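Position in the sequence shown (first residue = 1) + 120 = this note's numbering.
From the three backbone atoms N, C-alpha and C, an ideal C-beta is built for every residue, glycine too.
On a predicted model such as this, the values are computed, not experimentally measured, just so you know.
Here is the structure we will look at.
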Amino acid sequence: SLRHVWDTMTAQTGKPLYQVDGVTHESGFAIIGYGKLGGLELGYGSDLDVIFLHDSHGSAQHTSGNKSLENAVFYARLAQRIIHTLTTFTPAGRLYEVDTRLRPSGASGLLVSSLEAFRHYQQDKAWVWEHQALLRARAVAGSPQLIAQFAQIRHDVLCRQRDVDALCQEVVAMRRKMWDALGSKNPKQFNLKQDAGGITDIEFMLQSMIAPHAHRYPELVEWSDNIRQLESLHKVWILNAEYAETLSDIYRTLRDRIHELALQGQNALVDATQFCKERDYVRHAWVELVEKVRKPREL
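Listed below in structure tokens is the structure:
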């Protein structure tokens, strides 16, 4: 979609350029995947959580063609057309739902952010949950140079030193609000994603363990998917083998069931009598690994 839209637009407007110290450069563009797309875990019916970045800065920021546009206008139109392409309706329905609300400042922010604005936001303004989301992010398309710069920003932000107690307390408070707002209100049902003992608990556990240790073990932020993050936590002995293996197995089991339900056009709800053993284990792990806030030690 990016190649198609880029070629179509630049044929009309020329390529976006900018100048620094009198030298002209071609501006880069990249698409960053978050959530299930960023975490290499797309399921049937998953939407695409994306943000758009460019590296245009300096002076003379405009396209090179006869129908020249300011780069900011060019990139806004580029992103809009990419979204339009990705959300095309086919005989089988919509191709993908696209969600861009994870961009800096959310729905009120610019559709396409400059790399420097993104860096500044992540370093100085982002909330804890936004850094949790960044752990699940990866570049999926675009300029190799810009992709490398994004990866460095992600690494720097995720590997800075944090207050362990404050972080865990905030994660616990956030998760409790989500249980109340998003969990199943029917005691006879279990929401595989949002209820206590479900998928999101495992994801929050990983994020709460990686964030305070990444400054000492930067390899923890190398991957954006949950399974390899669990493996990374075990490799540096933050998480023991039993926890790492069992949580990985439970994660796969619950995800498989979610895929089956999605193929049947159903929500991620099952009878409350199902997956009791898995739910109890995740709840126990949540208490031990997150709620019992402590300074870093091996578990």
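Burial state of residue i, where buried means 16 or more other Cβ atoms lie within 10 Å
| i | result |
| --- | --- |
| L374 | buried |
| P307 | exposed |
| C396 | exposed |
| T144 | exposed |
| E323 | buried |
| Y164 | exposed |
| H182 | buried |
Coil, strand or helix - residue i by DSSP
| i | result |
| --- | --- |
| V356 | coil |
| T373 | helix |
| Y337 | coil |
| Y216 | coil |
| F395 | coil |
| D141 | coil |
| R282 | coil |
Cβ separation of residue i and residue j, assumed to be a contact under 8 Å, to the nearest whole Å
| i | j | result |
| --- | --- | --- |
| H177 | Y138 | 6 Å |
| I267 | A259 | 4 Å |
| D253 | Y154 | Sequence check: residue 253 is Ala here, not Asp. Indeed they touch by this definition, with Cβ atoms about 6 Å apart. |
| L278 | V218 | In fact, because the Cβ distance is near 25 Å, the residues do not count as touching under 8 Å. |
| D400 | G317 | 7 Å |
For residue j and residue i, the rounded distance between their alpha carbons
| i | j | result |
| --- | --- | --- |
| A392 | Q309 | 4 Å |
| A405 | L231 | 39 Å |
| L287 | A331 | 8 Å |
| I378 | A180 | 50 Å |
| S147 | A192 | 11 Å |
| A212 | F194 | 32 Å |
| S184 | V170 | 27 Å |
| D167 | I152 | 14 Å |
| H333 | T207 | 39 Å |
| S188 | A271 | 31 Å |
| K255 | S344 | Checking the sequence shown, residue 255 turns out to be Leu, not Lys. The alpha-carbon atoms of L255 and S344 are separated by roughly 6 Å. |
| N186 | P136 | 12 Å |
| Q269 | R372 | 32 Å |
| L173 | S328 | 27 Å |
| Q349 | M129 | 39 Å |
| V410 | V390 | 26 Å |
Residue closest to residue i, alpha-carbon to alpha-carbon, out of the options
| i | options | result |
| --- | --- | --- |
| L199 | T366, G262, D376, V143 | Checking the sequence shown, residue 199 turns out to be Ala, not Leu. Out of T366, G262, D376, V143, G262 has the C-alpha closest to the C-alpha of A199. |
| R336 | I322, N346, V356 | V356 |
| R221 | K187, S233, L215 | S233 |
| V140 | D175, E161, E250, L157 | D175 |
Min CB distance residue i to chain D below 8 Å
| i | result |
| --- | --- |
| H204 | The structure shown contains no chain D; it holds only a single protein chain. |
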